[in-house]
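*Asks:*
Residue numbers (my numbering): 2 to 275.
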């Protein structure tokens, strides 16, 4: 396997004082989670981390492709035509479907993080400080994707995490909201085993970290408000959607009681501190 260590290190040193729009490294991750209805595993979402020395973007490329199409009238028409064509030909599996819903932009320059996500038919965004996790380093080591990794543990928003990072790649970043270790985080698992991020590939890149499509469509909210709204939707999905659509005079019927989910004491979100 071709190493990218020395090249990445030189790139990060060279751009340390220069604002960048391009990423220097691209890392693909499997993001595993559980079904909130019964706690069973769900097929992993495919996410990508684009990062340079000053900023990063964590997102699903398939979801971004769909969002890019739906951000313009022409693209939305193309998406609808693709969907219609798949239905008419009986190839339903060919319909582009979102794979993961959230986007996370971190700025190491100002220490801020922007988070975009959906809840039912509503879109929300919030800004917060990049989490300052009190990592506890251990002497445990293992190899991931050919890189020697060290184990660390830390708490973040209600869960305790075990992560593996590699000092061989000097990127103080990682999947989801993780950062702050002296090396790229390649794996993270919460102690309950309900959530996991595992790197599946690493490469150099010069890709632009494109801004959020249709960012103005996202309502600003706080992190806690978003999680509470998301829990309300989880506990009563149809009822919440009917409330969200009521302003448009639309109703899909039902109260939400027809769909049962486990209580938060049994299965909860990746963040539990709401």
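Yeah, the Cβ is synthetic: ideal placement off N, Cα and C, and Gly gets one too.
Could you say which of 175, 139, 61, 148 lies nearest to residue 53 if we only look at CA atoms?
*Replies:* The count along the chain shown starts at 1 and reaches residue 53 at position 52. Among 175, 139, 61, 148, the Cα nearest to that of residue 53 is on 175.
*Asks:* For residue 161 versus residue 192, is the C-beta distance shorter than 7 Å?
*Replies:* Translated into positions along the chain shown, residue 161 becomes position 160. Translated into positions along the chain shown, residue 192 becomes position 191. Yes, the pair counts as a contact, with Cβ atoms nearer than the cut-off.
*Asks:* Residue 35 to residue 232, Cα distance in whole Å?
*Replies:* Here the question's residue 35 lines up with position 34 in the chain shown. Here the question's residue 232 lines up with position 231 in the chain shown. Cα to Cα, the separation comes out at about 15 Å.
*Asks:* Is residue 81 helix, strand or coil by DSSP?
*Replies:* Along the chain shown, one-based indexing puts residue 81 at 80. If DSSP states are grouped into helix, strand and coil, residue 81 belongs with the helices.
*Asks:* Whole angstroms is fine: what's the gap from residue 272's alpha carbon to residue 159's?
*Replies:* The residue you call residue 272 lines up with position 271 of the chain shown. The residue you call residue 159 lines up with position 158 of the chain shown. C-alpha separation (whole angstroms): 6 Å.
*Asks:* Using the Cα positions of residue 14 and residue 172, report the straight-line distance between them to the nearest angstrom.
*Replies:* Your numbering for residue 14 matches position 13 in the chain shown. Your numbering for residue 172 matches position 171 in the chain shown. Caution is warranted here: a pLDDT of 36 is assigned to residue 14, below 50, making its placement in the model unreliable, and the coordinate value is therefore given only provisionally. One C-alpha to the other measures close to 11 Å.
*Asks:* With 16 as the cutoff for other CB atoms within 10 Å, does residue 90 come out buried or exposed?
*Replies:* The count along the chain shown starts at 1 and reaches residue 90 at position 89. Residue 90 should be labelled exposed.
*Asks:* Please classify residue 113 as buried or exposed, where buried requires at least 16 neighbouring CB atoms within 10 angstroms.
*Replies:* Stepping through the chain shown from its first residue, residue 113 is reached at position 112. Residue 113 is exposed by the Cβ-count criterion.
*Asks:* Give me, in chain order, the residues of the same chain whose beta-carbon lies closer than 6 Å to that of residue 196; leave out the 5 immediate sequence neighbours on both sides.
*Replies:* Taking the first residue of the chain shown as 1, we reach residue 196 at position 195. Cβ within range, chain order: 34, 271.
*Asks:* Taking the C-alpha atoms as reference points, what is the distance between residue 209 and residue 23?
*Replies:* Here the question's residue 209 lines up with position 208 in the chain shown. Here the question's residue 23 lines up with position 22 in the chain shown. Taking the straight line joining both Cα atoms gives about 4 Å.
*Asks:* Could you spell out the range, first to last residue, of the alpha helix (DSSP H) harbouring residue 63?
*Replies:* Within the chain shown, the letter at position 62 stands for residue 63. From DSSP, the alpha helix (DSSP H) with residue 63 extends over 62-70.
*Asks:* Less than 7 Å between the beta carbons of residue 134 and residue 187, yes or no?
*Replies:* For this step, residue 134 is matched to residue 133 along the chain shown. For this step, residue 187 is matched to residue 186 along the chain shown. No, the pair does not count as a contact, with Cβ atoms beyond the cut-off.
*Asks:* Under 7 Å between C-beta atoms, does residue 46 make it to chain C?
*Replies:* Of the chains in the structure shown, none is chain C; there is only one protein chain.
*Asks:* Please list, in chain order, all residues of the same chain as residue 266 whose beta carbon is under 7 Å from its beta carbon, the five residues on each side excluded.
*Replies:* Translated into the one-based positions of the chain shown, residue 266 becomes position 265. Result list for residue 266: empty, nothing under 7 Å.
*Asks:* Closest to residue 214 by CA distance: which of 73, 47, 39, 38 is it?
*Replies:* Within the chain shown, the letter at position 213 stands for residue 214. Checking every option, the nearest Cα to that of residue 214 belongs to 73.
*Asks:* Considering only residues of the stretch 180-252, which uninterrupted beta strand (DSSP E) runs meet the minimum length of 3 residues and lie entirely inside it, listed in chain order?
*Replies:* You should have 185-191, 197-205.
*Asks:* Around the C-beta of residue 147, are 16 or more other C-beta atoms found within 10 angstroms, so that it is buried, or is it exposed?
*Replies:* Within the chain shown, numbered from 1, the residue matching residue 147 stands at position 146. Under this definition residue 147 is an exposed residue.
*Asks:* Please report the straight-line C-alpha distance between residue 152 and residue 32, rounded to a whole angstrom.
*Replies:* The sequence position of residue 152 within the chain shown is 151, counting from 1. The sequence position of residue 32 within the chain shown is 31, counting from 1. Residue 152 and residue 32: Cα-Cα distance of roughly 19 Å.
*Asks:* Please go through the same chain and pick out, in chain order, the residues whose beta-carbon is closer than 6 Å to the beta-carbon of residue 225, but skip the five residues on each side of it.
*Replies:* Within the chain shown, the letter at position 224 stands for residue 225. Closer than 6 Å at Cβ, skipping near neighbours: 275.
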